[in-house]
Amino acid sequence: MIRKAFILKLFDAALMQRWNDKIRPVELIELDKQAHKMIIAYVLGKCEEENQRINWTEIIEGGLFELLQRLVVTDIKPQIFYRIKEDNNKYEQLNQWVYSELEHIISPIGRNYPKRFKKYFATEQPDYATNIERKILTAAHFYATKWEFEIIERENPKDYELPSIKKSIESYLLPYKSLKGIQKLTKDKNLRKFIDLCGMLRFQIRWSHLYRIPRTSVLGHMLITAILAYLFSVEINACKARRVNNYLTGLFHDLPEVLTRDISSPVKRSSPAMEELIEEYEKEQMEREVYNLLPTEWHNELRMFTEDVFENIVNGKQQNISSSEITTKYNRKEFNPRDGEIIKAADDLAAFTEAYLSLENGINNEKLLDAKYTIKEKYKSVIIAGINCGEIYADF
């Protein structure tokens, strides 16, 4: 089961500053970089799927394990980290230490996650850093770093380190030029625009009318929601398609906000007419501004990840059934299920934790107190397909 310590650890990434020894026009945060990386990994994976089968579970879990590793090695400069990584013995020693720091938060998740975490970083594996899923994740990592660097480069024209940093990033990306997705990103300006558009969600701050610590972005919130939705899905033994759909819906569920900004729930729900108007506008703008940046064959899938995201889906259609019923009747790949109910629970848990952390960090605000109390009360007796939400909130 997901516990408080694990959730709070994820939010540590919202406090980690990137490029903090350079002039930055905006704060660049580790959580946002990791979220952008996973969106880029989705794009690269979809491109590779045209030629070969992609194991999306490996991409999702690999992204999570790499995020957790990054949370521990945060004080090691990238140049030093990559030097360590080149030496298998030193890298194994580093990862043993990383695991010792994380064991207490990974173990309660169950499903052999401690073992899987250690295996992921075990350099003696035959497929270590060579299989397609790892290649996709590594390429996405460096592409997201390159995206940030281009911002830094414009603001630091006289920085003596920049030429060598630029050369390093280009050299790290070079081995992945053979990936179809990297080739497409080089040639297809629309695909690059999509990644740029998603990246803009780094700069939209949630609860923007309130002062908070940490100030999570819409993009960072999307990744937290995706991770929680995925781990909830694992907990209830969801089939692989269901787990992946739940994760990717979490990862993209607020994408329409890049076109409408982060409209607060009270405004959205001020009346049924207002909520309907906003939803219609979001769909209209997505059709006009987003879908035409992507291959046509991706459109239906992305619609599932961005429209009516809190509704349960089976065979591509909304169903008036619970997640428990999906488990008993439709928990198989051929039904391609998606749990809007679970995604909503993950979304609310992420919002609750945002309010909780700000209050714990000394921000005394009535709206934050109200959000924390309201969400906790909403879920105190709720069980979704076997997930005891009340037990999770009681941990706080």
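For the sequence shown, position 30 matches number 29 in numbering that gives the first Met the number 0, and the numbering has no gaps at all.
Glycine is no exception: its CB is placed at the ideal position from the N, C-alpha and C atoms.
ask   = Just the Cα atoms here: how many angstroms apart are L63 and A225?
value = Distance between the alpha carbons of L63 and A225: 10 angstroms.
ask   = Skipping 5 residues on each side, what residues in its chain have a beta carbon closer than 7 angstroms to that of S322?
value = Same-chain partners within the cutoff: N311, D338, E340, I341, I383, A384.
query = Exposed or buried, what is Y210 when buried is set at 16 or more other beta-carbons lying within 10 Å of its beta-carbon?
reply = exposed
query = Are the beta-carbon atoms of R115 and V233 separated by less than 8 angstroms?
reply = no
Close-in-space but distant-in-sequence residues of the same chain around F334 (CB under 7 angstroms, 5 per side omitted) = Around F334: V313, N314.
CA nearest to the CA of N291, picked from Y246, E324, R191 = R191
task = For F10, count neighbouring C-beta atoms within 10 Å of its own C-beta (all shown protein chains included) and say buried if the count is 16 or more, exposed if not.
result = buried
message = Please give the ranges of any alpha helix (DSSP H) in the region 326-379, keeping only runs that are unbroken, at least 4 residues long and fully inside the region.
response = 339-359, 365-378
query = Y229 lies in the alpha helix (DSSP H); which residues open and close that run?
reply = 217-234
query = Terminal residues of the continuous alpha helix (DSSP H) containing F309?
reply = Unbroken run through F309: none, as it is neither H nor E.
query = To the nearest whole angstrom, what separates the beta carbons of L200 and V257, a pair I think is in contact under 8 angstroms?
reply = Rounded to whole angstroms, the Cβ separation of L200 and V257 is 5 angstroms, and the two are in contact under 8 angstroms.
key: Local conformation of K316 per DSSP, three classes   = DSSP, reduced to helix, strand and coil, places K316 within a strand of the structure shown.
task = Could you give the DSSP three-state label for I22: helix, strand or coil?
result = I22 carries a coil assignment under DSSP once its states are collapsed to helix, strand and coil.
query = Is the Cβ-Cβ distance between D394 and I374 less than 8 angstroms?
reply = no
ask   = For R287, is the classification buried or exposed, using 16 other Cβ atoms within 10 angstroms of its Cβ as the cut-off for buried?
value = An exposed status is given to R287, since fewer than 16 other beta-carbon atoms sit within 10 Å of its beta-carbon.
request  = Check whether the region 49-60 touches the region 238-249, taking contact to mean three or more Cβ pairs, one atom from each stretch, closer than 8 angstroms.
outcome  = These segments touch.
inquiry  = Please report the straight-line C-alpha distance between L230 and I105, rounded to a whole angstrom.
reply    = 11 angstroms
key: Backbone CA spacing between T259 and I194 [nearest angstrom]   = Looking at the backbone, the Cα of T259 and that of I194 are separated by about 17 angstroms.
DSSP beta-bridge partners of L67 = Paired residue(s): none; L67 is not in a bridge.
request  = Please name the residue, chosen from I1, E29, E149, that lies closest to L14 on a Cα-to-Cα basis.
outcome  = E29
Contacts around K332, its chain only, beta-carbon distance under 7 angstroms, and the 5 residues preceding and following it disregarded = Excluding positions up to five away in sequence, the list reads C238, K239, A240.
request  = Kindly indicate which three-state DSSP category R191 falls into: helix, strand or coil?
outcome  = helix
request  = Could you pull out every residue in the same chain whose Cβ sits closer than 6 angstroms to the Cβ of N54, ignoring the five residues on either side in sequence?
outcome  = So the qualifying residues of the chain are E132.
message = Could you check whether I181 and A138 sit closer than 8 angstroms to each other, using their CB atoms as the reference points?
response = yes
inquiry  = Buried or exposed for R205, going by 16 or more other Cβ atoms inside 10 Å?
reply    = buried
message = Do I1 and L399 have their beta-carbon atoms positioned less than 8 angstroms apart in this structure?
response = Since the first residue of the chain shown is 0 and the last is 395, residue 399 is not available in this structure.
key: Exposure of K134, with buried meaning 16 or more beta-carbon neighbours within 10 Å   = In summary, K134 is buried, with 16 or more beta-carbon neighbours lying within 10 Å of its beta-carbon over all protein chains present.
inquiry  = Looking at L178: is its Cβ nearer than 8 angstroms to the Cβ of E300?
reply    = no
ask   = Can you give the Cα-Cα distance for S269 and E275, rounded to whole angstroms?
value = Because S269 sits at a pLDDT of 49, beneath the cut-off of 50, its placement in the model cannot be relied upon, and the following sentence gives the value as read from the coordinates. C-alpha separation (whole angstroms): 11 angstroms.
CA-to-CA distance, Q33 to W18, given in whole angstroms = Approximately 14 angstroms between the Cα atoms of the pair.
key: Straight-line gap, I391 to A121 (C-alpha atoms, nearest Å)   = 32 angstroms
message = Using 8 angstroms as the threshold, is the C-beta distance between I6 and T248 below it?
response = no
task = Taking only the alpha-carbon atoms, compute the straight-line gap between I386 and K165 and give it to the nearest angstrom.
result = 46 angstroms
task = Please state whether DSSP places N50 in a helix, a strand or coil.
result = coil
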